[in-house]
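Counting in the numbering used here, the sequence shown runs from 154 upward without gaps. Each remark here refers to the structure printed beneath this line.
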Amino acid sequence: MATTFRLWGKPLLTGLVASILLVLTMVFVAINFQVILPLGVLLFYLSGRINKSVPLSIVMKLLLIMWSFIVLFALFVLTEIPALFYIPLFCLLSCWLAIWAPKLKLRSGILLTFFAVMVVFFMIYVIPISLKDSLSEALYKPMPVAELTDLNNSIISTGDFKGKTVVLDFFGTWCKPCIQELKELNHVQQYFKDDPSVAFFVINADLGGDTPEKFERFIAAQSYRFSYLYDHESSFFKQLQLNTSGLPYLLVVDKNGMLRWQHVGFNSAETNFAENLITTIRQIQDEK
Numbered sequence: 154m155a156t157t158f159r160l161w162g163k164p165l166l167t168g169l170v171a172s173i174l175l176v177l178t179m180v181f182v183a184i185n186f187q188v189i190l191p192l193g194v195l196l197f198y199l200s201g202r203i204n205k206s207v208p209l210s211i212v213m214k215l216l217l218i219m220w221s222f223i224v225l226f227a228l229f230v231l232t233e234i235p236a237l238f239y240i241p242l243f244c245l246l247s248c249w250l251a252i253w254a255p256k257l258k259l260r261s262g263i264l265l266t267f268f269a270v271m272v273v274f275f276m277i278y279v280i281p282i283s284l285k286d287s288l289s290e291a292l293y294k295p296m297p298v299a300e301l302t303d304l305n306n307s308i309i310s311t312g313d314f315k316g317k318t319v320v321l322d323f324f325g326t327w328c329k330p331c332i333q334e335l336k337e338l339n340h341v342q343q344y345f346k347d348d349p350s351v352a353f354f355v356i357n358a359d360l361g362g363d364t365p366e367k368f369e370r371f372i373a374a375q376s377y378r379f380s381y382l383y384d385h386e387s388s389f390f391k392q393l394q395l396n397t398s399g400l401p402y403l404l405v406v407d408k409n410g411m412l413r414w415q416h417v418g419f420n421s422a423e424t425n426f427a428e429n430l431i432t433t434i435r436q437i438q439d440e441k
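Quick look at the structure:
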């Protein structure tokens, strides 16, 4: 039993450390999958190298090293964005290459180079597309009529939005992805700054302990020039009958008051977010 524990302990521990480092990166640095992919590949490659001489089969070593990351990633990421399944797969392959490739001697360099090129390709090109396809969805349903409050405590009815293409961004002051998204949304607003037929509203969804006072303090600390609204008791947010309660939640409404497009959440790996939103708005505008 003691011998088995010693054999299993090293790969288990190195895999757990790699998983913890990835989790800490996502919690305290950024949930950016363009960072998580190469970092995960590197950490599990090192884990494989550390354990390549452990007298266990390759399958057993991979299982012991990788299980914690695969379980955590499946529970907390793949349940929301299943299109990112290739991230743990790349990590698994990097660990396998670290254990097996040295046996190939000269050919190992070619194999590792090809693998590195594939990682870079997925990091730069595939991840942004995966996020766009997973987080965005076309809609076609009427927008419910609701009353919101502006910074002057005046009542704004969503029925007044008709005649314009409207971008609604549900937001929370406590929500890091919401704050990151505002920068991109500001780029889009600047693109349409001379077009009076497009309007942008950032709406505090009254979730997570937010209050009008917290919202006003947040706005005062920002330089963005959005139209800000407050959705008391999340009334409008609830009327939308969304499939998620997560923030940020962005909607594009056409000039006839129909909900046409939604984007749930935000990840800084969405390098084409602003460009895609501009294209979507213009397509909706051009419809007769």
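Even for Gly, the Cβ is constructed at its ideal location relative to N, Cα and C.
Expressed to the nearest angstrom, what Euclidean distance is found between the alpha-carbon atoms of F243 and E300? In the sequence shown, counting from the first residue as 1, residue 243 sits at position 90. In the sequence shown, counting from the first residue as 1, residue 300 sits at position 147. Distance between the alpha carbons of F243 and E300 is about 48 Å.
In angstroms with no decimal places, state the Cα-to-Cα distance between L217 and Q333. Numbered from 1 along the sequence shown, position 64 holds the residue referred to as residue 217. Numbered from 1 along the sequence shown, position 180 holds the residue referred to as residue 333. If you take the alpha carbons of L217 and Q333, they lie about 36 Å apart.
To the nearest angstrom, how far is the alpha carbon of V406 from that of S421? Residue 406 sits at position 253 when you count from the first residue of the sequence shown. Residue 421 sits at position 268 when you count from the first residue of the sequence shown. Distance between the alpha carbons of V406 and S421 is about 24 Å.
I think F226 touches I240, with their Cβ atoms under 8 Å apart; what is that distance to the nearest whole Å? Counted from its first residue, the sequence shown places residue 226 at position 73. Counted from its first residue, the sequence shown places residue 240 at position 87. Separation of the CB atoms of F226 and I240 is rounded to 7 Å, and the pair is thereby assigned contact status at 8 Å.
What distance in whole Å lies between the Cβ atoms of S221 and L304, which are believed to be in contact at a cut-off of 8 Å? Looking up residue 304 in the sequence shown gives position 151. Looking up residue 221 in the sequence shown gives position 68. With a Cβ gap of about 47 Å, L304 and S221 do not count as contacting.
Is the beta carbon of F354 closer than 8 Å to that of V319? For the purposes of this step, residue 319 is taken as the residue at position 166 of the sequence shown. For the purposes of this step, residue 354 is taken as the residue at position 201 of the sequence shown. Taking 8 Å as the Cβ cut-off, V319 and F354 qualify as a contacting pair.
Limits of the unbroken alpha helix (DSSP H) element including A374: For the purposes of this step, residue 374 is taken as the residue at position 221 of the sequence shown. If you look at A374, you'll find it isn't in any alpha helix (DSSP H); DSSP assigns it neither H nor E.
Distance, V272 Cα to P365 Cα: The sequence position of residue 365 within the sequence shown is 212, counting from 1. The sequence position of residue 272 within the sequence shown is 119, counting from 1. In a straight line, the C-alpha of P365 is about 45 Å away from that of V272.
Proximity winner among T326, M411, W253 and I282, relative to F426 (alpha-carbon distances): The count along the sequence shown starts at 1 and reaches residue 426 at position 273. Closest by alpha carbon: I282.
Do D359 and H340 count as a contact pair if the criterion is CB distance below 8 Å? The residue labelled residue 340 in the question sits at position 187 within the sequence shown. The residue labelled residue 359 in the question sits at position 206 within the sequence shown. In this structure, D359 does not lie closer than 8 Å to H340 by Cβ.
Alpha carbon to alpha carbon, what distance is there between G316 and L338? Residue mapping note: residue 338 aligns to position 185 of the sequence shown, counting from 1. Residue mapping note: residue 316 aligns to position 163 of the sequence shown, counting from 1. Answer to the nearest angstrom: the Cα atoms are 21 Å apart.
Which stretch, first to last residue, makes up the beta strand (DSSP E) that contains F323? Locating residue 323 in the sequence shown gives position 170, counting from the first residue. It spans T318 to F324 - the beta strand (DSSP E) in which F323 sits, taken as one unbroken run.
Alpha carbon to alpha carbon, how far is F389 from I309? Give it in angstroms, no decimals. Indexing the sequence shown from 1 puts residue 309 at position 156. Indexing the sequence shown from 1 puts residue 389 at position 236. Distance between the alpha carbons of I309 and F389: 12 Å.
Compare the Cα-Cα distances from T311 to each of Y198, L412 and M276 and report the closest residue. Position 158 of the sequence shown, counting from 1, holds the residue named residue 311. Among Y198, L412 and M276, the Cα nearest to that of T311 is on L412.
Relative to the alpha-carbon of F238, which residue among E428, L264, F186 and V417 has its alpha-carbon at the smallest distance? Taking the sequence shown and counting its residues from 1, one reaches residue 238 at position 85. With distances taken between Cα atoms, F238 lies closest to F186.
Closer than 7 Å: K391 CB and nearest the ligand NAD heavy atom: What this structure holds is no ligand at all, so the ligand NAD is not there to describe.
Helix, strand or coil: which one does DSSP assign to Q530? Outside the displayed range of the chain (154 to 441) lies residue 530, so it cannot be described from this structure.
Hey, how far is the Cα of L395 from the Cα of L250? The residue labelled residue 395 in the question sits at position 242 within the sequence shown. The residue labelled residue 250 in the question sits at position 97 within the sequence shown. Their Cα atoms are separated by approximately 43 Å.
If we ignore side chains and look at the alpha-carbon of each, how far apart do F345 and R378 end up? What you label residue 345 is simply residue 192 of the sequence shown in a count that begins at 1. What you label residue 378 is simply residue 225 of the sequence shown in a count that begins at 1. Cα to Cα, the separation comes out at about 13 Å.
Cut-off 7 Å between Cβ atoms - residues of its own chain near I223, not counting five sequence neighbours on either side: Against the sequence shown, residue 223 aligns to sequence position 70. So the list reads P241, once near-sequence residues are dropped.
If you count every other CB in all the chains shown that lies within 10 Å of the CB of T167, and 16 or more means buried, which is it? As a working mapping, residue 167 is identified with position 14 in the sequence shown. Buried, by the Cβ-count rule.
Contacts around S380, its chain only, beta-carbon distance under 6 Å, and the 5 residues preceding and following it disregarded: By one-based count along the sequence shown, residue 380 stands at place 227. Contacts found: F354.
CA-CA distance, I434 and V188? The residue given as residue 434 occupies position 281 in the sequence shown. The residue given as residue 188 occupies position 35 in the sequence shown. Straight-line Cα distance between these residues: approximately 29 Å.
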